[in-house]
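Visitor: Sending over a structure as structure tokens; questions will come in a sec.
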Amino acid sequence: MWLALATTLVCLITWVAKDAITALWVLSAILLTYLASHLYWLHQLLQWFKKPELNAMPVGSGIWEDVFAAIYYEKRRHSRSQAQISSALDRFRHAASALPDGVVLLNGSDQIEWCNPTAEQQLGLSMRQDAGQPISYLVRPIDFIQYLHRQDYAEPIKLKSWRTTGATLEIQLVPFGANQKLLISRDVSQLEKLETMRRDFIANVSHELRTPLTVVGGFIETLTDMDGAVPDSTRAYFAMMQEQTSRMRRLIEDLLTLSQLENSPEAPQETEIDLQALLNMLLHEGVSLSKDKHEITLEPIEPGLFIKGAHEELHSAMGNLVSNAVRYTPQGGKINLKLFQRGKEVVFSVHDTGIGIEQQHIDRLTERFYRVDRSRSRETGGTGLGLSIVKHILTRHQGHIEIESEAGKGSTFSIVLPQSRLVHKAVQAAPVSA
Ligand code: ADP
Numbered sequence: 134m135w136l137a138l139a140t141t142l143v144c145l146i147t148w149v150a151k152d153a154i155t156a157l158w159v160l161s162a163i164l165l166t167y168l169a170s171h172l173y174w175l176h177q178l179l180q181w182f183k184k185p186e187l188n189a190m191p192v193g194s195g196i197w198e199d200v201f202a203a204i205y206y207e208k209r210r211h212s213r214s215q216a217q218i219s220s221a222l223d224r225f226r227h228a229a230s231a232l233p234d235g236v237v238l239l240n241g242s243d244q245i246e247w248c249n250p251t252a253e254q255q256l257g258l259s260m261r262q263d264a265g266q267p268i269s270y271l272v273r274p275i276d277f278i279q280y281l282h283r284q285d286y287a288e289p290i291k292l293k294s295w296r297t298t299g300a301t302l303e304i305q306l307v308p309f310g311a312n313q314k315l316l317i318s319r320d321v322s323q324l325e326k327l328e329t330m331r332r333d334f335i336a337n338v339s340h341e342l343r344t345p346l347t348v349v350g351g352f353i354e355t356l357t358d359m360d361g362a363v364p365d366s367t368r369a370y371f372a373m374m375q376e377q378t379s380r381m382r383r384l385i386e387d388l389l390t391l392s393q394l395e396n397s398p399e400a401p402q403e404t405e406i407d408l409q410a411l412l413n414m415l416l417h418e419g420v421s422l423s424k425d426k427h428e429i430t431l432e433p434i435e436p437g438l439f440i441k442g443a444h445e446e447l448h449s450a451m452g453n454l455v456s457n458a459v460r461y462t463p464q465g466g467k468i469n470l471k472l473f474q475r476g477k478e479v480v481f482s483v484h485d486t487g488i489g490i491e492q493q494h495i496d497r498l499t500e501r502f503y504r505v506d507r508s509r510s511r512e513t514g515g516t517g518l519g520l521s522i523v524k525h526i527l528t529r530h531q532g533h534i535e536i537e538s539e540a541g542k543g544s545t546f547s548i549v550l551p552q553s554r555l556v557h558k559a560v561q562a563a564p565v566s567a
């Protein structure tokens with residue numbers, strides 16, 4: 134503004150003192166000097182941007198002084214917030230390095246962005262060499278590769294360590310941000326060892342108890358059957374002893390079944406099971422257990438249906454639901470068995486009009502020894518392990534159990550298996566006799 138006024142004044146004075154041409158020359162000279170100064174400061178700015186250090190910032194003059202001051206202020210603010218961010222990042226890295234669990238940051242293409250020393254040690258990574266490498270090149274077990282591609286990371290997986298013999302790692306992926314993932318690895322060898330010890334202990338104790346119990350039970354039975362061996366006054370005690378030994382035998386058998394299921398996570402030899410035959414057998418077993426006290430029905434199924442699985446295990450799981458329905462439904466009640474397809478699943482359901490279960494118990498029914506009414510379970514010969522066995526069997530068949538119930542009205546227990554286990558076979562037409 135002042136420069137424009139001064140220039141106009143100088144030009145006017147020159148015009149009056151000399152002539153218009155000289156005034157024009159003076160104006161051109163002033164404008165050229167002005168332009169040259171702008172070009173000079175622009176050049177200085179460009180030079181500074183090549184190495185933008187705060188203490189090398191040009192001072193400038195005129196409007197450039199303000200421009201440089203504004204840039205200086207912004208740059209200082211930016212440097213401060215950058216320093217804050219990098220100190221926060223440093224603190225995070227320090228904390229993550231001190232974690233007893235391994236942590237690996239993966240980008241959208243599952244490449245390693247960063248990992249802490251525990252992850253380096255547990256997974257055999259090296260931050261210096263492996264940053265930017267896909268994690269699947271370095272963590273090779275097939276279970277991990279499948280887990281990585283599954284896109285369902287709700288549950289962690291367990292892997293036998295490929296670096297330390299006898300060690301077990303639990304690996305969990307946690308998606309975050311835009312397609313990024315956090316891999317958390319934990320050494321669970323100690324826990325696994327304890328769990329194996331617990332399983333072995335139960336299996337061994339059950340096994341050791343089986344023989345003496347069989348002997349004691351056998352003698353009680355023999356004595357009861359022997360004429361005159363048991364005086365009438367003590368016969369009732371013998372009946373009680375017999376009942377208790379057979380209850381203990383059932384308990385031991387169930388404990389052994391559970392530990393067998395737990396000790397071999399893979400399902401045994403699978404066969405194609407004729408569903409019609411299996412359902413008929415379950416109906417028959419239910420009817421003989423009920424001793425005509427209930428009305429038991431089976432809904433017809435499409436002919437030629439087979440299911441892939443371990444015959445004995447699936448029979449035992451389904452039979453357990455039928456026997457529970459009989460045991461927890463008072464005389465005169467109805468029990469309905471049904472097999473149907475639901476979306477991508479095949480469901481076997483047992484509906485009863487029995488005593489039902491209050492909502493707060495439902496989630497805990499598959500826990501070992503969880504019983505809503507202990508005395509009723511005992512009276513009907515229950516061990517409290519049936520549904521726990523069912524749950525294990527179903528997990529081995531990639532299935533699960535569903536329970537709907539209302540106290541006093543009845544329950545529906547369903548076994549849900551993936552539809553991929555279902556096989557349709559063409560039914561051969563019966564030969565027509567002439
Ligand atoms: P139990 O040997 O005691 O029957 P389960 O594991 O088979 O053990 O069942 C656990 C508990 O679930 C039972 O004690 C009972 O309280 C409840 N339950 C199971 N099935 C039914 C049913 N159909 N109706 C009512 N309660 C049931």
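Note that the sequence shown covers residues 134 to 567 in the working numbering. Even glycine gets a Cβ: it sits at the ideal position worked out from N, Cα and C.
Measure from the alpha carbon of Glu-428 to the alpha carbon of each residue in Leu-412, Gly-350, Asn-413, Thr-462, then state which is nearest.
Guide: The residue with the shortest Cα to Cα distance from Glu-428 is Thr-462.
Visitor: Which of the three DSSP states, helix, strand or coil, is assigned to Leu-168?
Guide: Leu-168 falls in the helix class under three-state DSSP.
Visitor: Considering only C-alpha positions, which residue in the set His-448, Ser-219, Ile-304 is nearest to His-417?
Guide: Per the Cα distances, His-448.
Visitor: Do Arg-554 and Ile-385 have their CB atoms nearer than 7 angstroms?
Guide: No, the Cβ-Cβ distance between Arg-554 and Ile-385 is not below 7 angstroms.
Visitor: Closer than 6 angstroms to a non-hydrogen atom of ligand 1 - does that hold for the CB of Asp-407?
Guide: The answer is no for Asp-407.
Visitor: Is the beta carbon of Ala-540 within less than 6 angstroms of some heavy atom of ligand 1?
Guide: For ligand 1, not one heavy atom lies less than 6 angstroms from the Cβ of Ala-540.
Visitor: Would you check whether ligand 1 has a heavy atom nearer than 6 angstroms to the C-beta of Asn-413?
Guide: Because no heavy atom of ligand 1 lies under 6 angstroms away, the Cβ of Asn-413 does not count as near it: no.
Visitor: Cutting at 8 angstroms between CB atoms, please list the residues of its own chain near Leu-136, excluding the five before and the five after it.
Guide: Same-chain partners within the cutoff: Tyr-167, Gly-195.
Visitor: Classify Leu-164 as buried or exposed, calling it buried when 16 or more other Cβ atoms lie within 10 Å of its own Cβ.
Guide: Under this definition Leu-164 is an exposed residue.
Visitor: Using only alpha-carbon positions, find the residue among Pro-308, Gly-489, Leu-518 that is nearest to Tyr-638.
Guide: Past the boundaries of the shown model lies residue 638; the chain is included only from 134 to 567, so the question cannot be answered.
Visitor: Given the structure, does Gly-465 come close to ligand 1, in the sense that its CB is under 6 angstroms from one of the ligand's heavy atoms?
Guide: Answer for Gly-465: no, Cβ out of range of ligand 1.
Visitor: For the segment 503-519 against the segment 529-539, are there 3 or more C-beta pairs whose distance is under 8 angstroms?
Guide: Touching, no, given that fewer than three Cβ pairs across the two stretches are closer than 8 angstroms.
Visitor: Roughly how many whole angstroms lie between the Cα atoms of Tyr-270 and His-557?
Guide: Their Cα atoms are separated by approximately 41 angstroms.
Visitor: How far does the alpha helix (DSSP H) with His-253 in it extend, from its first residue to its last?
Guide: Rather than His, the amino acid found at residue 253 in this sequence is Glu. Counting along the chain, the alpha helix (DSSP H) containing Glu-253 begins and ends at 250-256.
Visitor: Mapping the DSSP letters down to three states, classify Ser-482 as helix, strand or coil.
Guide: Correct three-state label for Ser-482: strand.
Visitor: Given a cut-off of 7 angstroms on the beta-carbon distance, is the pair His-444 and Thr-404 in contact?
Guide: In this structure, Thr-404 lies closer than 7 angstroms to His-444 by Cβ.
Visitor: Check whether the Cβ atoms of Gly-466 and Gly-489 lie closer than 7 angstroms to each other.
Guide: Against a cut-off of 7 angstroms, the Cβ pair of Gly-489 and Gly-466 comes out as no contact.
Visitor: Identify every run of the beta strand (DSSP E) within the segment 189-262, keeping only runs that are complete inside it and at least 3 residues long; order them along the chain.
Guide: Here the runs fully enclosed are 235-239, 245-248.
Visitor: Can His-494 and Val-505 be called in contact, C-beta distance under 7 angstroms?
Guide: Yes, they are a contact pair.
Visitor: Is Ala-410 near ligand 1, with its Cβ less than 6 angstroms from a heavy atom?
Guide: No, Cβ of Ala-410 sits at least 6 angstroms from all heavy atoms of ligand 1.
Visitor: Just list the residues that DSSP pairs Lys-314 with in beta bridges.
Guide: Lys-314 is bridged to Leu-239, Pro-308.
Visitor: Quick check: does the Cβ of Leu-74 come within less than 6 angstroms of any heavy atom belonging to ligand 1?
Guide: Nothing can be reported for residue 74, as the shown portion of the chain is limited to 134 through 567.
Visitor: Restricting to Cα atoms, I'd like to know which of Ala-153, Ser-242, Gly-350 is closest to His-282.
Guide: Of the candidates Ala-153, Ser-242, Gly-350, the one whose C-alpha sits nearest the C-alpha of His-282 is Ser-242.
Visitor: List the endpoints of the continuous beta strand (DSSP E) containing Phe-546.
Guide: Residues 543-551.
Visitor: First and last residue of the alpha helix (DSSP H) that includes Pro-294?
Guide: A quick correction: the sequence has Ser, not Pro, at residue 294. Where Ser-294 is concerned, there is no enclosing alpha helix (DSSP H), given that its DSSP letter is neither H nor E.
Visitor: Strictly under 7 angstroms for the Cβ-Cβ distance: is Leu-342 near chain C by that measure?
Guide: The chain inventory of the structure shown lacks chain C, comprising one protein chain alone.
Visitor: Who's in the neighbourhood of ligand 1, going by beta-carbon under 5 angstroms from any heavy atom, listed in chain order?
Guide: Checking every Cβ against the heavy atoms of ligand 1 under 5 angstroms gives Asn-457, Ala-458, Tyr-461, Gly-487, Ile-490, Leu-498, Arg-504, Val-505, Ser-510, Gly-515, Thr-516, Gly-517, Gly-519, Leu-520, Ser-544.
Visitor: Would you be able to state if there are at least three C-beta pairs under 8 angstroms between the segment 229-238 and the segment 310-318?
Guide: Touching, yes, given that three or more Cβ pairs across the two stretches are closer than 8 angstroms.
Visitor: Check Ser-161 in the structure and name its three-state DSSP category.
Guide: Three-state result, Ser-161: helix.
Visitor: Are three or more beta carbon pairs between the segment 209-219 and the segment 283-303 nearer than 8 angstroms?
Guide: In short, these stretches do not touch, since the Cβ pair count stays below three.
Visitor: For Asp-360, report the span of its alpha helix (DSSP H) as first-last.
Guide: It is not in any alpha helix (DSSP H) - Asp-360 carries neither H nor E in the DSSP assignment.
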